[in-house]
Ligand SMILES: CC(C)(COP(=O)(O)OP(=O)(O)OC[C@H]1O[C@@H](n2cnc3c(N)ncnc32)[C@H](O)[C@@H]1OP(=O)(O)O)[C@@H](O)C(=O)NCCC(=O)NCCS
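Residue numbers (UniProt numbering): 1 to 180.
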């Protein structure tokens, strides 16, 4: 398991699946905002790639996020779009509603940076998020990500086009222990 100061990132367990489905992916607004595609229901037992991890998928590594104290599941996180030629990847995360606003998101980003830069030897990490997602923007910036651009009206979300912000962090600018 990868450990931050508040959360751990471990493999997806079978028992995580119904919780993640009910609390994250069945939520139409949350899914529509976080996923860059149209919401549709996930049939119980289906092999939806957000829930059922394919360990042979080279370009994506998925984690379940747990509290370090008691091991309670609090969300899901991924390093995706892993490009071993350009040595870059994207970060994605979603926390259960009851786990938001406690500093876990900032810690998940820190742990994913450690995984991307140290374990995988990547040079650049990237995050795309809606421009009104203050908690995601702050979680990224606290870890040293900088805003590199605004993708105007790039996301169709529940009846309107919204801007996305693209943030990037290069390994030479990464300061592992400072969240400032
Ligand atoms: C986005 C998300 C991962 C952030 O994680 P989090 O644990 O809630 O965020 P944190 O508690 O680490 O807070 C990070 C910063 O944002 C601020 N923040 C948290 N919630 C906020 C809110 N609703 N509005 C404004 N600022 C907020 C915190 O005060 C903190 O700022 P600080 O470092 O200056 O104190 C989480 O809220 C989430 O899962 N949201 C739904 C799914 C989602 O949007 N995923 C990202 C898709 S790209």
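All C-beta atoms in this analysis are idealised placements derived from N, C-alpha and C, irrespective of residue type, glycine included.
Residues 7, 8, 10, 72, 73 and 74 of the same chain have their beta carbon placed closer than 7 Å to that of residue 66, with the five preceding and five following residues left out of the count. By the criterion of at least three beta-carbon pairs nearer than 8 Å, the stretch 157 to 169 is in contact with the stretch 28 to 46.
Remark: the C-beta of residue 158 is outside contact range of ligand 1, defined as less than 8 Å to any heavy atom. Beta-bridge partners assigned by DSSP to residue 76: 64 and 94.
Taking 9 Å as the cut-off, the beta carbon of residue 4 is found no closer than this to the beta carbon of residue 99. A buried status is given to residue 106, since no fewer than 16 other beta-carbon atoms sit within 10 Å of its beta-carbon. By a beta-carbon distance limit of 8 Å, residue 124 contacts residue 87. Their separation comes to about 7 Å. Taken atom to atom, the span from the alpha-carbon of residue 13 to that of residue 40 is near 23 Å.
Distance from the C-beta of residue 34 to the nearest heavy atom of ligand 1 is below 8 Å. About 5 Å separates the beta carbon of residue 169 from that of residue 145, a gap short enough to meet the 8 Å contact definition.
Comparing alpha carbon positions, the residue from 137, 138 and 50 closest to residue 16 is 50.
Annotation for residue 135: the continuous alpha helix (DSSP H) segment containing it runs 134 to 141. Judged by beta-carbon spacing, residue 116 lies beyond the 9 Å limit of residue 166, meaning their Cβ atoms are not closer than that value. Selection 135, 46, 69 and 130 evaluated against residue 149 yields 130 as nearest (Cα-Cα).
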